[in-house]
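Chemist: Pasting a structure below so you can have a look.
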Amino acid sequence: MIHTTIGDAGHLLTIIAFASALLATFAYFKAALAGTPLNEVTSWKQYARTVFIVHAASVLGIVFSLYWIIGNHYFEYHYAWKNSSLSLPTGYTISSFWQDQEGSFLLWIFWNVILGSVLIFSNRSWEAPVMTIFALVQAFLTSMILGVVIPGLDLKIGSTPFLLMKEVMPNLPIYKMDPNFIAKDGNGLNPLLQNYWMVIHPPTLFLGFATTLIPFSFAIAGLWTKKIHEWVRPALPWALFSAMILGIGILMGAYWAYETLNFGSYWNWDPVENSSIVPWLILIAAIHTMIIARRNATALKTSFILTIATFILILYSTFMTRSGVLGNASVHSFTDLGLSGQLLIYLLTFIVVAVGLLIYRWKILPSDEEEVSTYSQEFWIFIGATLLCLSGFQILATTSIPVYNKVAEAFGGVLNMALPADQVGHYNKFQLWFFSLIIVLTGIGQFFWWKRVGKDKLHALYNPLLIALLISAAVIVFQGVKEIQYIVLLTTSIFAIVANGTILFQIIKGNYSLSGGAVTHIGVALMLLGILFSSAYTKVVSINNSGLMISRSAEFTNNDNKENKENITLWLNKPEKMGDYMLTWRDVRVEPRHIPGYIPKSWVDMIENDYHAVALRDIVVNEKKYNSKGDTIEIYPENFYYEIEYREPSGRVFNLFPRAQINPRMGLVSSPDIQREVDKDLYTYVSMVTNPTAEPVWSPTENFTISMRDTFFVNDYVAVLDNVVRTEEVEGMKLGEGDAAVKAVIRVLDKDNEYVITPSFVIRDRLVARKPEVNKDLGFRVQFQEIDPSTGKFTFAVNTTQRDFIVMKATEKPLINILWLGTFVLVIGFVMATVRRFQDFIKMRNKENVTVDKKKSKVKAATV
Amino acid sequence: MKKIQIFGLVIIAIAIGIIVSTAGDASTYVDFGKAKEMADNGDNESIHVVGKLQKNAAGQILDMQYHPEIDPNYFEFTLVDNKNVVQKVVYRSTKPQDFDKSEQVVVVGKMENGTFAAEKILMKCPSKYENGKMETTEATASKS
Chain V
1178 MIHTTIGDAG HLLTIIAFAS ALLATFAYFK AALAGTPLNE VTSWKQYART VFIVHAASVL
1238 GIVFSLYWII GNHYFEYHYA WKNSSLSLPT GYTISSFWQD QEGSFLLWIF WNVILGSVLI
1298 FSNRSWEAPV MTIFALVQAF LTSMILGVVI PGLDLKIGST PFLLMKEVMP NLPIYKMDPN
1358 FIAKDGNGLN PLLQNYWMVI HPPTLFLGFA TTLIPFSFAI AGLWTKKIHE WVRPALPWAL
1418 FSAMILGIGI LMGAYWAYET LNFGSYWNWD PVENSSIVPW LILIAAIHTM IIARRNATAL
1478 KTSFILTIAT FILILYSTFM TRSGVLGNAS VHSFTDLGLS GQLLIYLLTF IVVAVGLLIY
1538 RWKILPSDEE EVSTYSQEFW IFIGATLLCL SGFQILATTS IPVYNKVAEA FGGVLNMALP
1598 ADQVGHYNKF QLWFFSLIIV LTGIGQFFWW KRVGKDKLHA LYNPLLIALL ISAAVIVFQG
1658 VKEIQYIVLL TTSIFAIVAN GTILFQIIKG NYSLSGGAVT HIGVALMLLG ILFSSAYTKV
1718 VSINNSGLMI SRSAEFTNND NKENKENITL WLNKPEKMGD YMLTWRDVRV EPRHIPGYIP
1778 KSWVDMIEND YHAVALRDIV VNEKKYNSKG DTIEIYPENF YYEIEYREPS GRVFNLFPRA
1838 QINPRMGLVS SPDIQREVDK DLYTYVSMVT NPTAEPVWSP TENFTISMRD TFFVNDYVAV
1898 LDNVVRTEEV EGMKLGEGDA AVKAVIRVLD KDNEYVITPS FVIRDRLVAR KPEVNKDLGF
1958 RVQFQEIDPS TGKFTFAVNT TQRDFIVMKA TEKPLINILW LGTFVLVIGF VMATVRRFQD
2018 FIKMRNKENV TVDKKKSKVK AATV
Chain Z
1097 MKKIQIFGLV IIAIAIGIIV STAGDASTYV DFGKAKEMAD NGDNESIHVV GKLQKNAAGQ
1157 ILDMQYHPEI DPNYFEFTLV DNKNVVQKVV YRSTKPQDFD KSEQVVVVGK MENGTFAAEK
1217 ILMKCPSKYE NGKMETTEAT ASKS
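In order, the protein sequence lines correspond to chains V and Z. To convert, take the position in the first sequence, counting from 1, and add 1177; that gives the working numbering. To convert, take the position in the second sequence, counting from 1, and add 1096; that gives the working numbering.
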């Protein structure tokens, strides 16, 4: 049965949400308009609030409907079929909710509703103008998931997640036979996204995106209602909150990449990554100018520009990642849904409105007649903000290259520009210097801010400078840092830690709540140090020194070829030396669902196209028996773990389990495993594996007829027939009376190992049965063919196959824990600063309310 | 001139510097003919070439060599660019995981002695998760 009700409800609620957002925009607009009479303002506001509540309720309804469809596996719906499957564990059905464009828009809409409600209740005096902007944004966002086709014009507005599969793919042949066809199972979620970070990372990131709207709305409201100065105080705590959430979201993404993707690092300068870091940098700059805006008119103007720019950049990012512009340039941008026109209108509307309003009000913005002193705090913070903007500008200028091509195309030109071939090098070249300067300014700025230095008091900075130089010199020598750019970044970061640390130490004695800035800066400096060491000094440990050559041509023997030899091949159970380690690939393991850890693949027989497997033996893990032989257990069918044993020179042994996901349509998708130590991470991933699910391809049979103690050669190994003995047991066969069975004992000599292979030969009911034996380590199969009593010779049939191997890469990332430590410190600093500014705002708001009430009561008293 | 104006000029100068430098670092999309020409002229810049893989009737890629058991860091294949120029490409790293499934390939690198040495491969594969659509993945030969 097709569940049409829930989809219809969702679609209807989307239309209501869109209409109510438009209505709320209009009503709040009326309430905020200067010309509206006072008594009407209250009723417009009341009306707007009611409409917004309707909007909020319908948005919650849409979210519920979509989740209901996914959670109940209603595969008649395209969205559920495309993004989830029966085998998906509950946690990840949540991530399939926002896997696609529509769902992620919905997530954004949802956060805006929550934030809007908080604003309505916390900030009555700003409600009308701020919520006008909010409701307008909501109207645009809900229009993206509207999915309405305007009849006659053939114009599609938005793309709804509530379409049935029949509506999306009406031409599937199955519908001719069965119009009520419902898919049995869904497409599933990309296995790379089946990770806990993908459950919490998108909501965090979208909350970050959503919160940038708040400072923007306050700025626009300030311009609109001419409260040129007052908007900063309520906007600042939100800007800090936004920077914190967006920052955490970005870092979670980085950490997910580090843990799950195999590019081997946490930051790749991918256009999609860049499109969230650029608004963040501008937002940080905006926060700094807002802090000084209350005293300095120049900073006030800049605050307007930067706050507006932050939100516009969020819109620009959304446009870039969702319009398909980046399709050729980025690994994880969405493909075009046909909404790029709509997104462009969205982007342009807000640019026109915001920039237009700013130009219109520019004249009434105060300007400083006085020169800003070089020795003032404003000056240094201002320089810092400028550098942040330039850093963002550089990233944006490069990331937008695909956009330039599109623009040129629109005007009939051909630009053919491509992103720099060495992207990481290109960005680092600039950003390293920008961040060296920015981090120095955090120290200097703090000293000026707390008035410890001034025109004739620069000496307060000497001590931290001296200490920083001494520590840096020690680190440079000790760690062997040689490149000038790293020496600079190292020294500046250490200076920032010392300088901010000094400030922190001094103000923490007075009032700890003021130290958020210093703590945050220390966090950033620590992160830079962590990034510096872990990425610039990443050491590849898996150097291929097997010495094997594919050919003697210059191409292979070329010297620079050696530099790229960073993967090593491991054969099953064959130890291989890698750096200081002795490595052995031990086994392939699978991941059962309700049993801790991974179990050997040979313990179970996996059922094809299903998430179940049959246990081939009792499953005992950590001395606890979970299943008996023959039981059906649930597993994660796409995940294979390669058990690699690391043996250190000290004798310590540990195992790593890098993962490979083998997907019939995607090939091998590999994820690393990380051995975490205090001073470094050992990062390992497989870059190629023999497909464990594929049947081996055997060579044509080769027969060997030999006598006892003869040697023969198979697959380049020396094999000796040691003996042929009578046996009572043959696996997989019941031997009865009168049956006779013998097995051959064949010894195979490898470089440092000896294997014994025992194929059997059974005579049963006058028929001959031959039980071959397969040895995976050696890659061959031996079958006992014949016994010739007259000559005393035995015949064996041998097939060989490619031995199982993996190609793996291992790198050491020194001091990466400093990066994670810095992240924590940064977040703590942000929390402290946000709390402080919120308290500041609330205190002020209550004071204002008291005066307003007093005034009101005075007016009342006068009239009475 | 006021300090703020000088400051403004400096910022503009830096911004222009960034744009110029970005344009200098930016690569271009060319074909193999142009790539050869550039190499002959001693132009050492890395370029992007868009091409298709040659496949047989069964959909298997032709002229592809990868023997990880001998050298896991050597992968060789043939690419046909938009002007139907056939070119041998060498990628000194492991064979990218989605290569067999890809149709269209972008190689980033330069011509070296008659072969195209790729530093990076961008692949367009039919996506399992977005039906009927192509998905981009990329692989980079690391040089650290």
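Just so you know, even glycine gets a beta-carbon here, dropped at the ideal spot from N, CA and C. All values derive from a computational prediction rather than experimental measurement.
1) Give the straight-line distance between the Cα atoms of V:Ser1453 and V:Ile1489, rounded to the nearest whole angstrom.
2) Measuring alpha carbon to alpha carbon, tell me which of V:Val1767, V:Tyr1663, V:Arg1924 and V:Ile1776 ends up nearest V:Arg1886.
3) Tell me which same chain residues have a C-beta within less than 7 Å of the C-beta of V:Thr1202, skipping the five on either side of it?
4) Unbroken alpha helix (DSSP H) runs of length 4 or more, entirely within the segment 1338–1390 of chain V: which are they?
5) So, is V:Tyr1443 buried or exposed, given that buried needs 16 or more other C-beta atoms within 10 angstroms?
6) Smallest Cα separation from Z:Asn1178: which of Z:Lys1099, Z:Ile1114, Z:Ile1107 and Z:Gly1129?
7) Is it a yes or a no for the segment 1374–1389 of chain V touching the segment 1421–1439 of chain V, going by three-plus beta-carbon pairs under 8 Å?
8) List the endpoints of the continuous alpha helix (DSSP H) containing V:Trp1557.
9) For Z:Val1176, which residues in chain V fall below 8 Å Cβ to Cβ?
10) With DSSP collapsed to three states, give me the class of V:Trp1748.
11) Spatial neighbours of V:Val1580 within its chain, please: CB distance less than 8 Å, with the 5 preceding and 5 following residues excluded, ordered by chain position.
12) Between the Cα of V:Leu1296 and the Cα atoms of V:Ile1776, V:Ile2019, V:Val2029 and V:Asn1605, which residue gives the shortest distance?
13) In the structure shown, what three-state DSSP assignment does V:Ala1598 receive?
14) Output the distance between the C-alpha atoms of V:Tyr1860 and V:Arg1763, rounded to the nearest integer angstrom.
15) Please report the Cβ distance between V:Asp1757 and V:Pro1826, rounded to the nearest whole angstrom; I am assuming they are in contact, meaning their Cβ atoms lie under 8 Å.
16) Using DSSP with H/G/I as helix, E/B as strand and the rest coil, what is Z:Ala1153?
17) With DSSP as the reference, label V:Lys1742 as helix, strand or coil.
18) Does chain V have any CB closer than 9 Å to the CB of Z:Glu1133?
19) Return the first residue and the last residue of the beta strand (DSSP E) that V:Ile1821 is part of.
20) Cβ closer than 7 Å: which chain V residues qualify as neighbours of Z:Asp1121?
21) Comparing alpha-carbon positions, which option in V:Leu1643, V:Glu1253, V:Ser1884 and V:Ala1396 lies nearest V:Ser1967?
22) Which value, in whole angstroms, describes the spacing of the CA atoms of V:Met1467 and V:Pro1266?
23) Identify, in the order they occur along the chain, each residue of the same chain with its Cβ nearer than 8 Å to the Cβ of V:Thr1978, setting aside the five sequence neighbours on each side.
24) Does the Cβ of V:Ser1937 have 16 or more other Cβ atoms within 10 Å, making it buried, or fewer, making it exposed?
25) Identify the continuous alpha helix (DSSP H) that holds V:Trp1168 and give its terminal residues.
26) Is V:Asp2017 helix, strand or coil by DSSP?
27) Please state the DSSP three-state secondary structure of Z:Val1146.
28) Can you tell me which of the three DSSP states V:Tyr1435 falls into?
29) Which one or two residues does DSSP pair with Z:Gly1205 in a beta bridge?
30) Quick one: residues in its chain with C-beta nearer than 8 Å to the C-beta of V:Leu1366, no 5 flanking neighbours on either side, listed in chain order?
31) In this structure, does DSSP put V:Thr1761 in helix, strand or coil?
32) Would you say Z:Asp1139 reaches chain V, if we count a Cβ-Cβ gap shorter than 9 Å as a contact?
33) Return the CA-CA distance between V:Ile1351 and V:Ala1360, expressed in angstroms with no decimal places.
34) CB V:Ile1821 to CB V:Met1985, shorter than 9 Å?
35) Give me the residue from V:Tyr1714, V:Val1601, V:Val1675 and V:Phe1710 with the minimum Cα distance to V:Val1696.
36) Is V:Ile1183 near V:Trp1245, with beta carbons less than 9 Å apart?
Modeler: With the given structure in hand:
1) 12 Å
2) V:Arg1924
3) Thr1309, Ala1312, Leu1313 and Ala1316
4) 1342–1345, 1351–1354 and 1373–1388
5) buried
6) Z:Gly1129
7) yes
8) Gln1554 to Thr1576
9) In chain order: nothing, as chain V lies at least about 18 Å away.
10) strand
11) Met1497 and Val1502
12) V:Ile2019
13) coil
14) 18 Å
15) 5 Å
16) coil
17) coil
18) no
19) Thr1809 to Arg1824
20) Pro1597 and His1603
21) V:Ser1884
22) 45 Å
23) Pro1873, Val1874, Trp1875, Ser1876, Gly1956, Phe1957 and Arg1958
24) buried
25) In the structure as shown, chain V starts at 1178 and stops at 2041, and residue 1168 of chain V therefore has no counterpart that could be examined.
26) helix
27) strand
28) helix
29) Z:Ile1143 and Z:Ala1214
30) Asn1260, Ser1261, Ser1262, Leu1265, Tyr1269, Ser1272, Ser1273 and Gln1276
31) strand
32) no
33) 10 Å
34) yes
35) V:Val1675
36) yes
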